[in-house]
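**Student:** Basically this note's numbering = 1-based index in the sequence shown + 254.
C-beta atoms are modelled at their ideal positions from N, C-alpha and C, and glycine is treated no differently.
Model, not experiment: these values are computed from the prediction.
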Amino acid sequence: MLAPYLLIGEITRPQGIRGEVKLRHYTDDPSRFETLEQVFVEKDGGYAPLVITGCRVHKDDVFLSLQGVADRDGAEKLRGLKLYVDRANARELTEDEVFIADILGAKAFDTQGNPIGTLREVLTPGSVDVFVLDTPRGTLMVPALKTVLLDIDPAQGKIVMDETRLEEVGLYEDRNSDAVSPDV
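Given below as structure tokens:
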């Protein structure tokens with residue numbers, strides 16, 4: 255099932271004394287906040303809108319002014335809030351892209367249809383994302399390479415992985431230490 259709201263950032267702290275907040279953004283283009291009229295926060299099991307009244311992007315930092323937040327104390331109360339965008343305002347994806355929220359919980363299989371595990375998390379440490387799967391053997395970390403991830407179908411909640419390449423690049427987390435094992 256496709257997520258109706260997509261995580262786009264998190265409020266990290268107040269900025270100044272006029273209610274502005276600084277964000278940690280989860281988008282490859284921080285200027286996209288400049289075109290948004292509102293973002294959403296989780297509230298009472300649903301999502302509530304926050305109206306954006308101002309936006310500044312400086313280098314890789316995003317600063318927002320939000321309706322009803324007029325001072326530092328008001329901004330401080332928002333610290334840690336995760337911000338979402340509704341799917342209608344999400345950016346267009348290329349053919350090779352998916353939203354992380356749409357594939358969390360997806361079942362991974364090899365090319366023969368044998369189950370591998372369930373996608374728990376996607377780490378974004380640098381140029382290559384890392385898929386973290388829960389498997390019967392423990393936590394498996396897999397670089398998100400096209401040679402490993404042959405098909406990702408968010409609508410079906412299914413990922414197909416090349417088992418040969420998986421053996422070469424997948425790492426199981428060692429349950430007894432901080433080390434990892436290349437034995438897939």
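Excluding the five sequence neighbours on either side, which residues of its own chain have a C-beta within less than 6 Å of the C-beta of residue 334, listed in chain order?
**Tutor:** Hits under 6 Å: none found.
**Student:** Do the stretch 264-283 and the stretch 322-338 make contact, defined as three or more Cβ pairs closer than 8 Å?
**Tutor:** Enough Cβ pairs lie closer than 8 Å, so yes.
**Student:** Could you give the DSSP three-state label for residue 420: helix, strand or coil?
**Tutor:** If DSSP states are grouped into helix, strand and coil, residue 420 belongs with the helices.
**Student:** Residue 321: which of 259, 404, 342 and 275 sits nearest, CA to CA?
**Tutor:** Comparing Cα positions, the closest option is 275.
**Student:** Using the Cα positions of residue 341 and residue 291, report the straight-line distance between them to the nearest angstrom.
**Tutor:** Approximately 14 Å between the Cα atoms of the pair.
**Student:** Is residue 367 buried or exposed, if buried means 16 or more other CB atoms sit within 10 Å of its CB?
**Tutor:** Exposed: under 16 other Cβ atoms inside 10 Å.
**Student:** In angstroms with no decimal places, state the Cα-to-Cα distance between residue 317 and residue 339.
**Tutor:** Straight-line Cα distance between these residues: approximately 16 Å.
**Student:** Taking the DSSP output, what are the residues bridged to residue 310?
**Tutor:** Paired residue(s): 317.
**Student:** Apart from the five residues just before and just after residue 398, which ones in its own chain have a Cβ nearer than 8 Å to its Cβ?
**Tutor:** 376, 382, 383, 384 and 385, listed in sequence order.
**Student:** Classify residue 324 as buried or exposed, calling it buried when 16 or more other Cβ atoms lie within 10 Å of its own Cβ.
**Tutor:** Answer is exposed; the Cβ neighbour count stays below 16.
**Student:** When DSSP builds the beta bridges, which residues end up paired with residue 261?
**Tutor:** BP columns for residue 261 point to 338.
**Student:** If you drop the 5 nearest sequence neighbours on each side, which residues of the same chain put their C-beta closer than 6 Å to that of residue 374?
**Tutor:** Cβ within range, chain order: 386 and 388.
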